[in-house]
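Q: A single structure is presented below for examination.
In structure tokens:
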């Protein structure tokens with residue numbers, strides 16, 4: 026069977042430090058943080074009173090939603106997802122389908138952890154107050170997990186596969202890999218892939234209660250998220266959405282589309298919560314296997330990977346992740362690829378983390394830069410014992426490179442790793 | 073309540089739910105919400121909720137099922153207004 030090559034032709038992002046691709050690019054090059062103090066979390070007695078959420082005003086939302094939709098919209102995840110998704114479609118030079126017939130060759134896989142948690146809370150309160158009638162017609166569409174892909178596909182008129190995936194913090198990277206496989210096997214020409222996450226106390230509360238979020242930087246929000254740092258003390262919760270248009274190389278060339286990068290391989294797996302893997306801790310054997318299989322599927326050697334965009338959440342597990350990358354790639358401390366984590370700037374955007382970080386990865390490959398690790402001046406000594414300090418840049422490096430590996434790991438002991446390659450015309 | 077007054081209120085309530093603004097401007101007794109105003113049937117329950125709020129009335133499921141045209145809607149609103157006054 027002839028397999029399609031798959032390229033990325035459009036990007037969209039709604040991140041805590043930038044809600045357009047150009048603002049986001051500027052932010053990641055300059056280390057601009059999206060972490061802010063959250064009065065609402067303070068009021069509710071959260072240990073972690075800082076978080077990172079996209080800042081969007083009503084005028085912006087009006088460009089994507091009808092007045093009727095806005096009348097009852099109470100699902101930030103759907104808003105972020107639609108903004109990122111529609112922006113990616115437009116960036117790819119694509120239009121919504123004709124009014125009377127869907128575009129059979131286009132679909133979307135847009136993941137999320139939950140949907141419309143604020144809307145859900147509102148509905149639950151009405152029901153408990155014996156006011157079931159007051160729910161109206163908008164609760165289901167905003168609280169079904171597939172709400173985000175349903176809104177996007179309706180706005181764009183998609184007639185191919187339309188679904189929502191969910192695999193905790195690996196969701197965004199997984200959605201891109203699912204779309205990649207779908208195009209590779211010839212089942213669609215174009216897929217909008219991405220993921221989103223709601224904002225607010227009802228999403229972040231469970232993590233706060235587990236004590237996996239930092240509570241040591243409430244007075245200095247921008248210093249709070251410290252991946253790979255000796256003083257990392259837990260992650261900063263975040264939210265937002267990232268999206269990209271994946272397209273067969275043939276289709277992209279036929280319509281003269283701009284090509285950001287090529288996806289040359291990837292793998293998803295699970296540690297099965299066996300060995301040292303649990304609901305919340307990754308099985309290192311599975312993480313390494315996921316990376317090895319991704320590299321193999323790309324048809325490259327591990328030494329060809331020049332940059333890694335890690336999962337690296339700013340918890341005690343960061344050193345274990347570095348150890349896993351090192352073991353999987355089989356490289357020495359000095360020959361380890363450059364590695365960075367976006368979470369220093371945007372916190373951990375939960376189910377949106379993978380897609381936002383994949384957008385950042387594609388931008389680095391396409392424009393030729395490696396963003397600096399924010400808040401990592403004091404590299405964790407356990408990490409420094411594994412890899413040379415200069416492998417963890419704290420300042421922007423302008424450098425053209427060819428291959429980047431990006432991985433995301435999630436609760437449930439699930440892993441996803443994607444291999445991206447710079448696309449040279451011809 | 074005066075019929076002209078009710079129609080004025082209905083136009084305002086229905087406006088966000090229809091794209092047929094010319095038809096809405098000229099609604100009459102026979103105007104059908106779905107056939108003429110092209111309202112998504114799922115939104116009929118939202119319109120009923122908006123009517124309840126605007127007129128301070130409650131509309132039961134049976135009555136709701138009949139509210140497909142302007143005349144039927146006006147009739148039900150008037151019945152409920154009269155009923156509520158009498159209570």
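Chains as they are written, first to last, in my numbering: chain A, 26 to 451; chain B, 73 to 159.
Glycine included, each C-beta is placed from N, C-alpha and C at the ideal position.
1) Starting from residue 287 of chain A, trace the beta strand (DSSP E) both ways and give me its first and last residue.
2) When Cβ atoms are compared, which residues of the segment 79 to 103 of chain A fall closer than 7 Å to chain B?
3) Give me the Cα-Cα distance between residue 77 of chain A and residue 55 of chain A, rounded to the nearest whole angstrom.
4) Against chain A, which members of the segment 77 to 107 of chain B pass a CB distance test of less than 8 Å?
5) Please state whether DSSP places residue 446 of chain A in a helix, a strand or coil.
6) Relative to the alpha-carbon of residue 359 of chain A, which residue among A:105, A:328, A:379 has its alpha-carbon at the smallest distance?
7) Please work out which residues of its chain come closer than 6 Å, Cβ to Cβ, to residue 155 of chain B, disregarding the five sequence neighbours upstream and downstream, and give them in chain order.
8) Mapping DSSP to helix, strand and coil, what is residue 363 of chain A?
9) Report buried or exposed for residue 398 of chain A, applying the criterion of at least 16 other Cβ atoms within 10 angstroms of its Cβ.
10) Pull up the DSSP beta-bridge partners for residue 128 of chain A, would you.
11) Under 8 Å between C-beta atoms, does residue 115 of chain B make it to chain E?
12) With DSSP run on the structure shown, which of helix, strand or coil describes residue 80 of chain B?
13) Taking 7 Å as the limit between beta carbons, can you name the residues of its chain near residue 90 of chain B, skipping five residues before and five after?
14) Within 8 Å (strictly less), CB to CB, does residue 159 of chain A reach chain B?
15) At a Cβ cut of 8 Å, what residues of the segment 152 to 178 of chain A count as close to chain B, listed as they run along the chain?
16) Mapping DSSP to helix, strand and coil, what is residue 440 of chain A?
17) Could you tell me if residue 189 of chain A is buried or exposed, where buried requires 16 or more neighbouring beta carbons within 10 angstroms of its beta carbon?
18) Which of the three DSSP states, helix, strand or coil, is assigned to residue 431 of chain A?
19) Under three-state DSSP, which class holds residue 79 of chain A?
20) Sort out for me which residues DSSP pairs residue 62 of chain A with in a bridge.
21) Per DSSP, what are the beta-bridge partners of residue 86 of chain A in this structure?
22) When the Cα atoms are used, what is the spatial distance from residue 159 of chain B to residue 156 of chain A?
23) When you compare the CB positions of residue 266 of chain A and residue 434 of chain A, do they come within less than 8 Å of one another, or not?
24) Do you know offhand how far residue 106 of chain B's Cα is from residue 106 of chain A's?
A: Quick answer:
1) Start and end: 286 to 295.
2) Along the segment 79 to 103 of chain A, the positions whose C-beta sits under 7 Å from a C-beta of chain B are 92, 93, 96, read in chain order.
3) If I take the Cα positions, the gap works out to 17 Å.
4) Answer set for the segment 77 to 107 of chain B: 88, 89.
5) The DSSP-derived three-state label of residue 446 of chain A is strand.
6) For residue 359 of chain A, the nearest C-alpha among the options comes from A:328.
7) Answer for residue 155 of chain B: no residue qualifies.
8) Note: residue 363 of chain A maps to strand in three-state DSSP.
9) Buried is the call here.
10) Under DSSP, residue 128 of chain A takes part in a beta bridge, and its partners are A:183.
11) The structure shown contains no chain E; the protein chains it does contain are A and B.
12) In the three-state DSSP reduction, residue 80 of chain B falls in the helix class (H, G or I).
13) In chain order, 96, 109, 110, 111 place their CB closer than 7 Å to the CB of residue 90 of chain B, counting only its own chain and leaving out the 5 sequence neighbours on each side.
14) With 8 Å as the cut-off, residue 159 of chain A counts as an interface residue toward chain B.
15) Identification of residues in the segment 152 to 178 of chain A having a C-beta nearer than 8 Å to some C-beta of chain B yields 158, 159, 161, 162, 163, given in sequence order.
16) Per DSSP, reduced to three states, the secondary structure at residue 440 of chain A is strand.
17) So residue 189 of chain A ends up on the buried side.
18) Here DSSP, grouped into helix, strand and coil, assigns residue 431 of chain A to strand.
19) DSSP, reduced to helix, strand and coil, places residue 79 of chain A outside both helices and strands of the structure shown, so it counts as coil.
20) Per DSSP, the beta bridge partners of residue 62 of chain A are A:75.
21) Beta-bridge partners of residue 86 of chain A (DSSP): none assigned.
22) Confidence in residue 159 of chain B is poor, its pLDDT being 46 and thus under 50, which makes the residue's placement unreliable; the coordinate value appears in the next sentence. Their backbone Cα atoms lie some 22 Å apart in a straight line.
23) Not a contact, by the Cβ cut-off of 8 Å.
24) Going by C-alpha positions, residue 106 of chain B is about 31 Å away from residue 106 of chain A.
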